[in-house]
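Quick note, the sequence shown lines up with residues -23 to -1, 1 to 363 if you use mature numbering (1 follows the signal peptide of the UniProt record, and there is no 0).
Every residue gets a Cβ at the ideal spot worked out from N, C-alpha and C, and that includes glycine.
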Amino acid sequence: MSRRLQLLVIVLLAAALVGTAVALGTRDGAPPGAAPDDAPAPSAPSAVPATRTAPEAAHEFLASWVDDGRVVRRDQGGDTVSEGQAYGLLLAVVADDRTAFDEIWGWTSEHLVRADGLLAWRWDDGAVVDEEPASDADLDAARALVLAGAAWDEPAYTEAGTSLAADVADRMTVGTALGRVLAPGVWATAADPYGYNPSYASPAAYAVLGDATGDPRWAELASGSAATTAALLDVSALPPDWAQVHGDGTVEAMPGAAGTGQSVRYGYDAARLPVRYAESCAPEDTALAARLAGPLGSGDDSLPAELDLGGTALEGSEAGHPVAWVGRAAARAADGDVIGAADDLDRADRAAQAAPTYYGAAWAALGRALLESDALGGCAPLGDAA
């Protein structure tokens, strides 16, 4: 090959390489494959969704997990629990979806409402299989009904919500030296010490129902729950899934609802506590949520779903469950770490899509609803950043 031909080949190869680089969008100082400065933002792959708004997250949950008004736990055999119905009602309010709300409350009224007005906990294969009410579900449902009544000017919903609220206050609260607290069910009110689930307390729900009913017991529940949570956090860095409260105000972490079972832990229940307190409008409540930010750490790659009360991962703990990310997002938001909180909500979304479960999907959506939206009557700590 002549020298002239060799030079021509070199020039042509160089031109081809430059064209390829431009086509790939490389630029000075950028790694190969980086997008050019003026390129449109890439759409997120299906396994890694872009940041959702609270209404979008609510709509997606309703579309994926609700059949004819029934919130179906598809990953748990297809049953339904009162908790799920209440979550669906709350998310229908956030989505401003009157049709979905009507259907969910219609199914709940037909299949779960007991003679005393409370909600049976579990329905499966065409019938109620556990009639014991769960106070967190009834509390969330009452809140959703009151909010729906106001949002859509529907007195029937307001009346249903205030009636359910009265039933909860009458039958599932107890007085202690720390103040009035929400028992997890009717069963837990029978004798001192009282069974207690710290994550069932919802200061924002208490405020909504107090305003709607004028019943002073809701303010008593707010102060009593805060005092009980503070007492638990004075003993350990993280709150337990289950505890018991003595009439004299003594509090103790417990290994389960009945005081037996797995070891004491911060797990799938307790992770909801910082969310409930972070959305409160009372600074003393958000300060309680902020106390969990340090013990929950700041790792970006994984977050164990079950920890001991000092913050150490338990053996065999699932990594990165959506409710774990949402719980830490709430603690970070309450502590002023807006960027970290928003990142954790995105991690919850990715985890929920990577391994879909009813509970994970519900809390990925509720995390945005309670922390970013004012639709549920609280003071969302990420509302300005959403």
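- The shortest CA-to-CA distance from G354 to any of H223, E283, A342, D188 is the one to D188.
- Taking all protein chains in view, the Cβ of S179 is crowded by 16 or more other Cβ atoms within 10 Å, so the residue is classified as buried.
- The three-state secondary structure of G317, taken from DSSP, is helix.
- Within the same chain, Cβ atoms closer than 6 Å to the Cβ of D321 are found at W302, R305, A306, the five residues on either side in sequence being excluded.
- In the displayed model, A35 falls within a helix according to three-state DSSP.
- With respect to L280, V241 sits apart: the two C-beta atoms are not nearer than 8 Å.
- By the criterion of a C-beta distance shorter than 7 Å, L186 is surrounded in its chain by A119, R120, V123, A142, W195, once the five residues flanking it on both sides are discounted.
- Nearest to V300 by C-alpha distance, out of G244, R51, S294, E261, is G244.
- Beta-bridge annotation (DSSP): R99 is paired with V58, D107.
- Closest in C-alpha terms to E109, from the list A34, E37, A72, W164, comes W164.
- In terms of CA proximity to Q239, D218 leads the group P251, T227, V252, D218.
- The Cβ neighbour count for T139, taken over all protein chains shown within 10 Å, is at least 16; the residue is labelled buried.
- In the three-state reduction of the DSSP assignment, W164 falls in the helix class.
- Two segments are said to touch when three or more pairs of C-beta atoms, one from each, lie closer than 8 Å; by this definition the segment 144 to 161 touches the segment 197 to 207.
- Remark: C-beta atoms of Y173 and V222 approach each other more closely than 8 Å.
- Counting along the chain, E229 sits inside the beta strand (DSSP E) bounded by residues 228 to 231.
- Per DSSP, the unbroken beta strand (DSSP E) holding W219 starts and ends at 219 to 222.
- By the Cβ-count criterion, S86 is exposed, with fewer than 16 other Cβ atoms from all chains shown falling within 10 Å of its own Cβ.
- Counting the other CB atoms within 10 Å of its CB gives E283 a total of 16 or more, which places it among the buried residues.
- Ranking D192, L89, L95, E256 by CA distance to the CA of D101 puts L89 first.
- Here DSSP, grouped into helix, strand and coil, assigns R91 to coil.
- Residue state for L124 is assigned as helix, using DSSP reduced to three classes.
- With a 10 Å radius around the Cβ and a threshold of 16 neighbouring Cβ atoms, G61 comes out buried.
- For R157, the beta-bridge partners assigned by DSSP are G152.
- Closest in alpha carbon position to A230, among A220, G236, G224, is A220.
- Shown here, L348 sits in a helix according to DSSP, grouped into three states.
- Judged by their CB atoms, A114 and A63 are nearer to each other than the 8 Å cut-off.
- Around the beta-carbon of E349, 16 or more other beta-carbon atoms lie within 10 Å, marking it buried.
- The beta carbon of A160 lies closer than 8 Å to those of S112, M149, T150, V151, T166, Y171, G172, Y173 in the same chain, with the five residues before and after it left out.
- In this structure, P358 sits away from A247, with a CB-CB distance that is not shorter than 8 Å.
- Boundaries of the alpha helix (DSSP H) harbouring Y183: 180 to 190, taken from the DSSP string.
- For Y245, the three-state secondary structure derived from DSSP is coil.
- Contact check for A128 and V70: beta-carbon distance about 6 Å, within the 8 Å limit, so the pair qualifies.
- Beta-bridge pairing by DSSP links A290 to L284.
- The beta carbon of D169 sits closer than 7 Å to the beta carbons of H223, G224 from its chain, once the five residues preceding and following it are set aside; these are given in chain order.
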